[in-house]
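> Residue numbers (UniProt numbering): 1 to 211. Ideal placement from N, C-alpha and C gives every residue a C-beta, glycine not left out. Here it is, the structure, as structure tokens.
Shown next as structure tokens:
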């Protein structure tokens, strides 16, 4: 991969990662509920899901997903149901005193649970795999070994996404410290619940193909 090609891919990664989606909502939700240090485990889980997606595309399984209506539908509806589950949890999330943010993780979801949450959010989005199947090959030099190029692209995507999700998680964690009343926290929790539900609704509209 030439430097010019990598720079173009690097810019594309920022555009894709900054675009609000289920991953950004999940990161902000975790930052809101658990603070930055604990909530960032969700962002790490999102990267595991990203590794899975790149691996699927590199292995050629993405082409099967793009052409198999059954496989696409099963993964899509898993993602829809999981996002609705997260919406319900966020709607019912308890409010907490701002000073207790650092301790909230002790009684909340474990880091491994948040890691799994991020993984499942990305794994339940077949549109992302089909999108990568359409986009990644455009940056490949087919006359050169493909594996090193996929490794470079995967590492670039993960590095950019870690930075972006750190911003989303940190922003939400700061919002929690600014909330002083249970009513304010409840409104924000239900706002994020609505965002999760909206992401689930958007996913129901996804069809095979990338247009």
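Pull up the CB-CB distance for residue 158 and residue 50, whole angstroms please, since I reckon it's below 8 angstroms.
6 angstroms
> Can you grab the Cα-Cα spacing for the pair residue 80 / residue 46, in whole Å?
16 angstroms
> Starting from the C-beta of residue 11, find all residues in its chain whose C-beta is less than 8 angstroms away, skip the five residues before and the five after it, and write them out in chain order.
none
> Please return the same chain residues whose Cβ sits closer than 6 angstroms to the Cβ of residue 189, not counting the five positions on each side in sequence.
The beta carbon of residue 189 sits closer than 6 angstroms to the beta carbons of 90 and 93 from its chain, once the five residues preceding and following it are set aside; these are given in chain order.
> Note down the Cα distance separating residue 58 from residue 52, rounded to an integer number of angstroms.
One C-alpha to the other measures close to 10 angstroms.
> Whole angstroms are fine: how far does the CA of residue 70 sit from the CA of residue 29?
Between the C-alpha atoms of residue 29 and residue 70 there is a straight-line separation of about 31 angstroms.
> Could you tell me the alpha carbon to alpha carbon distance between residue 43 and residue 171, rounded to whole angstroms?
About 13 angstroms.
> For residue 9, does the three-state DSSP call read helix, strand or coil?
helix
> Give me, in chain order, the residues of the same chain whose beta-carbon lies closer than 7 angstroms to that of residue 117; leave out the 5 immediate sequence neighbours on both sides.
26, 42 and 45
> Can you name, in chain order, every residue of its own chain whose Cβ lies under 8 angstroms from the Cβ of residue 152, other than the five neighbours on each side?
1 and 6
> Using beta-carbon positions only, say whether residue 13 and residue 160 come within less than 7 angstroms of one another.
Yes, they are a contact pair.
> Tell me which residue opens and which closes the alpha helix (DSSP H) that residue 137 is part of.
No alpha helix (DSSP H) holds residue 137; DSSP gives it neither H nor E.
> Provide the residue span of the alpha helix (DSSP H) that contains residue 51, from first to last.
Counting along the chain, the alpha helix (DSSP H) containing residue 51 begins and ends at 22 to 58.
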